[in-house]
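What follows is one structure encoded as C-alpha cells, with my remarks underneath.
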Amino acid sequence: MKIIYKTGDLLEAPERVICHGCNAQGVMGSGIAVPIRNRYPMVFKAYRDL
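Be aware that the sequence shown starts at 4, since it is given in our numbering, and climbs by one per residue.
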C-alpha cells in the first residue's frame, strides 16, 4: 500500500466518515479534536456523557 500525503481541511474532505482516536478523559481540547468538537457539538456531548 502506498502512502499519499495531502494538505487541506480534513473536515472539508469529500469522505462521509472520518475516524478519530480519543482518550478516556472526556476532553476534546487540542489537535483535530477542537475543530471536530466545534463543528459537531453533538459528538462532544455524546463522548463527554459516556
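Idealized CB from N, CA, C, for every residue including glycine.
- When rounded, the separation of the alpha-carbon atoms in Cys-22 and Arg-42 is 15 Å.
- Residue state for Glu-15 is assigned as helix, using DSSP reduced to three classes.
- By the neighbour-count criterion, in which a residue is buried when 16 or more other Cβ atoms sit within 10 angstroms of its Cβ, Tyr-50 is buried.
- Nearest Cα to Leu-14 within the set Ile-6, Val-37, Leu-53: Val-37.
- Counting the other CB atoms within 10 Å of its CB gives Ile-6 a total below 16, which places it among the exposed residues.
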